[in-house]
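Residue numbering for the sequence shown is 2 to 520, as defined by this note's numbering.
The beta-carbon is built from N, C-alpha and C at its ideal position, and this holds for glycine as well.
Report on the structure given below.
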Amino acid sequence: MKFLITLITCVAFFFSSSAMAEGVVKSEKIFPGGKFDASKMMVNGLGGIGEFGVGEANGTPDNNNIQGASLKTDLTDNKDPVTSTYNVRSHITAVGGAPLTFSKKGGTSDCQMSAEGVLTLGSTAGTCEIEVVAAKVYPGCTANTCNPKVYPTTEARKLITFNVSICADDSATACKVQAQARAQAIFDTAEKARIAKEAEDARVATAAAAEAKRVAAEEEAKQKLIAEAKHAAEAVAEAARVRLAAEAAAAEAAEKTRLAALAAAEAAKKVRLAAEALAAEQAAATAAAAAAAAEVDRVAKAAIQAAKDLLAREQAKVIALPAKGIAYKTKKTTAFRDLMIPTNDGTWTLQPAATPFDWAAPNGLYGPVLNSGQGDQVHALFAGYILWPGIKGQSTTVQFADICDDGFLMYIASQPGIGPRGGFNAMNNYIDQGPGFWWGGFNGGPFSVTRVAGEAYAFEINYFEAYGHATCSLYWNAGNGKALTYANKQLVPGASLACSANAWPGVKTYSGTVEARCQ
2 MKFLITLITC VAFFFSSSAM AEGVVKSEKI FPGGKFDASK MMVNGLGGIG
52 EFGVGEANGT PDNNNIQGAS LKTDLTDNKD PVTSTYNVRS HITAVGGAPL
102 TFSKKGGTSD CQMSAEGVLT LGSTAGTCEI EVVAAKVYPG CTANTCNPKV
152 YPTTEARKLI TFNVSICADD SATACKVQAQ ARAQAIFDTA EKARIAKEAE
202 DARVATAAAA EAKRVAAEEE AKQKLIAEAK HAAEAVAEAA RVRLAAEAAA
252 AEAAEKTRLA ALAAAEAAKK VRLAAEALAA EQAAATAAAA AAAAEVDRVA
302 KAAIQAAKDL LAREQAKVIA LPAKGIAYKT KKTTAFRDLM IPTNDGTWTL
352 QPAATPFDWA APNGLYGPVL NSGQGDQVHA LFAGYILWPG IKGQSTTVQF
402 ADICDDGFLM YIASQPGIGP RGGFNAMNNY IDQGPGFWWG GFNGGPFSVT
452 RVAGEAYAFE INYFEAYGHA TCSLYWNAGN GKALTYANKQ LVPGASLACS
502 ANAWPGVKTY SGTVEARCQ
């Protein structure tokens, strides 16, 4: 079955401005399949698509921004069957090179149209309607820079209809060419088959002769191999006899050697056992001597430790409970987050002796802060001395941590006899916060501070309460060498806190000590 496609008309232009123009389109024929002769096609009077959108004489552009190009077929006469496709895109141009898109809009045939402009025919006759759209925005062109004669600002649409019909007879030139091509192809195929059969017959005869020659050669080789195998078997039998005789002689010699080796091994075993017994006796003696030396060393170390423990107990005897606790004063102020209260402000109040640094506001932590009479916006300053733990006279590292709501800032003097902010260590946790025991942790710390055990060091603690709950506690590891954790925390005891460096017997007094707050 032959198919013929004919471009019959350009139906209409559709514009964004609702303008419409029409143009005459000459008949166009496309022959899918078979052979195609472009020169004959042109002789048969095929023309081009009419031009549209070239602008008016007065310089005002019309809305038809697609113009036709001379029709040039993209099918060539290369004597090979062509595919049933037609490149419509190559025959359509737009004023200013505007981008084009193609789509199938309808029709009764099963043609397909790609967005790139390639029409593919199916197997059903009928009509095929396609639409060509020229965009109104062009690359590199804006409304302010485009020449209106060349770049119209509206998009345009063209609807083109093709007819796909059956060649009823062989009267058309193209149909005749296709028929001749098919006849030639059938002849070529039969001729090729005949030549191939003759070649195959010759190949089979040659292969049969070669196979007969190969079978004869194999039979000759087989007889030769049988003779050689017989001679080889006789040689193998002789070699086996010689080998068996040699193996018997070797076995007899090996047995004699084995018996001699057994005798030598028995003698060596007796010597080894004697040596092992001697070595065991020597090892036992060495172990006994080492155990005796270890016991002597243990006893000596125990004596040294006992002496150290006795010395530590004697040194601890000079430390007694202080007569008075640390001093504090409070201030009700909206500037409660200031870092400190001047020491000449307010009146000092003493905590009871042997009171640890551990207090909380009453009424579920909402009551007044200390003696301020106020639950919120309070600043407090604590001052005193801390007796450093450990073996007296030795440098000891202590870890501190706090649980406070809200801010906590502690200064510890670096040397005895100077103020708390002289060469100090600062433990800074001076922020708004809830108490750490709500979540099982410290608010600040651990902080590590190293001082000399048995000496008294001045300290100050700044505290502020913003709003809500109020509480503050100070913990340490007492210089025991273990890391301070929430699980093993212990409060700094009141016995280690006092308002004066003179609170502990045996601790010498330093110049600059402030005693007035202890009155």
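Beta-carbon proximity list for residue 373, same chain, < 6 Å, skipping 5 on both sides:
331, 333, 379
Give the secondary structure of residue 403 by DSSP, where H, G and I count as helix, E and B as strand, and everything else as coil.
strand
Buried versus exposed, by CB contacts within 10 Å (16 or more), residue 232
exposed
Inter-residue Cα distance where the pair is residue 277 and residue 295:
26 Å
For a test of the three-state rule: what should DSSP assign to residue 491, helix, strand or coil?
strand
Going by C-alpha distance, which of 417, 381, 129 is nearest residue 387?
417
Where does residue 394 land, buried or exposed, given buried means 16+ other C-beta within 10 angstroms?
exposed
For residue 505, is the classification buried or exposed, using 16 other Cβ atoms within 10 angstroms of its Cβ as the cut-off for buried?
buried
Between which two residues does the beta strand (DSSP E) containing residue 353 stretch?
Note, residue 353: premise wrong, no beta strand (DSSP E); not H, not E.
Kindly give me the distance between the Cβ atoms of residue 492 and residue 468, rounded to whole angstroms, as I take these residues to be in contact under 8 Å.
Not confirmed; about 26 Å, so no contact.
CB of residue 521 within 8 Å of CB of residue 129, strictly
Residue coverage of the chain in this structure runs from 2 to 520, which leaves residue 521 outside it and unanswerable.
Report the residue ranges of all beta strand (DSSP E) runs contained in full by the stretch 409-449; include only those spanning at least 3 residues, in chain order.
426-430
CB of residue 361 within 8 Å of CB of residue 371, strictly
no
Determine the DSSP secondary structure at residue 508, reduced to helix, strand or coil.
coil
Using only the alpha-carbon positions, how far apart do residue 134 and residue 120 sit?
15 Å
Per-residue DSSP class, three states only, for residue 224:
helix
Going by the beta-carbon positions, is the gap between residue 399 and residue 478 smaller than 8 Å?
yes
Check for me: the beta strand (DSSP E) holding residue 345 runs from which residue to which?
Taken as a continuous stretch (DSSP letters only), residue 345 belongs to no beta strand (DSSP E), as it is neither H nor E.
Measuring CB to CB, does residue 323 end up less than 8 Å from residue 499?
yes
Just the Cα atoms here: how many angstroms apart are residue 481 and residue 453?
14 Å
Through-space distance from residue 243 to residue 258, alpha-carbon basis:
23 Å
For residue 422, I'd like the list of residues in its chain whose CB is within less than 6 Å of its CB, leaving aside the five on either flank, ordered along the chain.
412
Where residue 188 sits in the DSSP three-state scheme:
helix
Assuming the contact rule is C-beta atoms closer than 8 Å, residue 442 and residue 487 should be a hit. Round their C-beta distance to whole Å, please.
5 Å
Alpha carbons only, please: which of 518, 472, 211, 253 is nearest the one belonging to residue 385?
518
The beta strand (DSSP E) that contains residue 127, what's its start and end?
127-135
Can the beta-carbon of residue 409 be found less than 8 Å from the beta-carbon of residue 327?
no
If you check the beta carbons only, do residue 117 and residue 90 fall under 8 Å apart?
yes
Return the residue from the list 275, 205, 199, 485 that minimises the CA-CA distance to residue 446.
485
Which residue wins for smallest C-alpha separation from residue 434, given the options 448, 92, 470, 349?
470
Roughly how many whole angstroms lie between the Cα atoms of residue 288 and residue 282?
10 Å
Residues bridged to residue 452 [DSSP beta-bridge criterion]:
397
For residue 216, which three-state DSSP category applies?
helix
Return helix, strand or coil for residue 258, following the three-state DSSP convention.
helix
Where residue 209 and residue 229 are concerned, what is the direct C-alpha to C-alpha distance, given to the nearest angstrom?
31 Å
What is the DSSP secondary structure of residue 502, reduced to helix, strand or coil?
helix
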